[in-house]
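Engineer: Plus 10 on top of the position in the sequence shown (first one is 1) and you've got the numbering used here.
Glycine included, C-beta positions come from ideal geometry on N, C-alpha and C.
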Amino acid sequence: MTDFGFYLVMTNPKVGYAACAQAAVDGGVRIIQLRMKDAPRDEIVSVGRTVRDITRGTETLFIVNDDPSIAAEVGADGVHVGQGDMPVPEVRRLYPSLRIVGLSTHSPEQALASLDVKPDYIGVGPVWATPTKKIPDPVLGIETAMRMVRSVPYPAVAIGGIDASRLPGLLQAGARNYAVVREVCGVDDPLAAIRNLKRIYDANVR
Numbered sequence: 011m012t013d014f015g016f017y018l019v020m021t022n023p024k025v026g027y028a029a030c031a032q033a034a035v036d037g038g039v040r041i042i043q044l045r046m047k048d049a050p051r052d053e054i055v056s057v058g059r060t061v062r063d064i065t066r067g068t069e070t071l072f073i074v075n076d077d078p079s080i081a082a083e084v085g086a087d088g089v090h091v092g093q094g095d096m097p098v099p100e101v102r103r104l105y106p107s108l109r110i111v112g113l114s115t116h117s118p119e120q121a122l123a124s125l126d127v128k129p130d131y132i133g134v135g136p137v138w139a140t141p142t143k144k145i146p147d148p149v150l151g152i153e154t155a156m157r158m159v160r161s162v163p164y165p166a167v168a169i170g171g172i173d174a175s176r177l178p179g180l181l182q183a184g185a186r187n188y189a190v191v192r193e194v195c196g197v198d199d200p201l202a203a204i205r206n207l208k209r210i211y212d213a214n215v216r
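Okay, here's the thing in structure tokens:
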């Protein structure tokens with residue numbers, strides 16, 4: 011897997027999941043992740059099928075958070091697992107239809123440990139404090155996050171508190187892949203937000 015730039019995590023988007031996913035496709039976002047932490051399984055499956063329909067045949071890859079069985083059921087491109095979820099090798103063995111398996115890492119030690127299980131990419135965060143998790147992990151800061159990014163041979167996605175004001179500094183420090191949640195999900199015009207973030211990316215990455 012190569013660097014992909016923009017990674018959108020969809021959590022409770024203000025405009026709804028379908029409209030947010032459509033904005034991501036229209037805006038050229040390379041990867042979108044469906045993250046519905048406390049929703050019932052059948053609701054996640056229903057939304058997942060809708061997102062799959064919207065992304066099918068486009069350049070936007072569709073990832074489901076945490077649950078590989080749901081990801082496989084809705085025909086997603088992959089799944090993103092946390093440190094306490096099903097191990098990456100087990101996901102690959104049980105769900106061969108999932109061609110992408112991402113892994114969250116929250117410390118330099120976890121990033122290095124990912125080398126043993128070989129995910130397709132890792133999440134690195136939180137770079138800054140974020141309210142999107144009930145029990146947040148310790149904040150890394152840019153310097154530690156970039157050390158983690160450089161420690162692995164596959165793409166690493168910086169996540170946590172990233173917005174338009176912080177993105178330039180993050181990119182100038184060396185990040186090539188970044189994830190946002192509230193910057194897109196919390197607004198009335200997600201497409202405009204996406205286009206603004208992409209302009210910032212293009213201005214800071216050569």
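Would isoleucine 204 and valine 194 qualify as a contact pair, given that the criterion is a beta-carbon distance under 8 Å?
Structural biologist: Along the sequence shown, read from residue 1 onward, the residue named residue 204 stands at position 194. Along the sequence shown, read from residue 1 onward, the residue named residue 194 stands at position 184. It is a contact, given that the beta carbons lie within the stated cut-off.
Engineer: Take valine 190 and list the residues in its own chain whose beta-carbon comes closer than 6 Å to its own, dropping the five residues that flank it on each side.
Structural biologist: Taking the sequence shown and counting its residues from 1, one reaches residue 190 at position 180. If we look at valine 190 and ignore the five residues flanking it on each side, its Cβ neighbours are Ile172.
Engineer: So, do the segment 19–32 and the segment 196–203 have three or more beta carbon pairs nearer to each other than 8 Å?
Structural biologist: Cβ pair count under 8 Å is three or more, so yes.
Engineer: Note down, one range per segment and in chain order, each alpha helix (DSSP H) of at least 4 residues found wholly within the segment 107–149.
Structural biologist: DSSP runs (the alpha helix (DSSP H)) wholly in the segment 107–149: 118–123.
Engineer: Are the beta-carbon atoms belonging to valine 242 and leucine 180 less than 8 Å from one another?
Structural biologist: Because the chain is modelled from 11 through 216, residue 242 falls outside the range shown and cannot be assessed.
Engineer: Taking only the alpha-carbon atoms, compute the straight-line gap between phenylalanine 14 and arginine 186 and give it to the nearest angstrom.
Structural biologist: By one-based count along the sequence shown, residue 14 stands at place 4. By one-based count along the sequence shown, residue 186 stands at place 176. When rounded, the distance between both Cα atoms is 8 Å.
Engineer: Can the beta-carbon of valine 5 be found closer than 8 Å to that of glycine 58?
Structural biologist: The requested residue 5 is not part of the displayed model; the chain covers only 11 to 216.
Engineer: Can you check which of these residues, Leu177, Ala183, Arg192 and Tyr131, is closest to alanine 166 by C-alpha distance?
Structural biologist: Along the sequence shown, one-based indexing puts residue 166 at 156. Closest by alpha carbon: Tyr131.
Engineer: Return the chain-ordered list of same chain residues with a C-beta closer than 7 Å to the C-beta of asparagine 206, the five sequence neighbours on each side being excluded.
Structural biologist: Stepping through the sequence shown from its first residue, residue 206 is reached at position 196. If we look at asparagine 206 and ignore the five residues flanking it on each side, its Cβ neighbours are Ala174.
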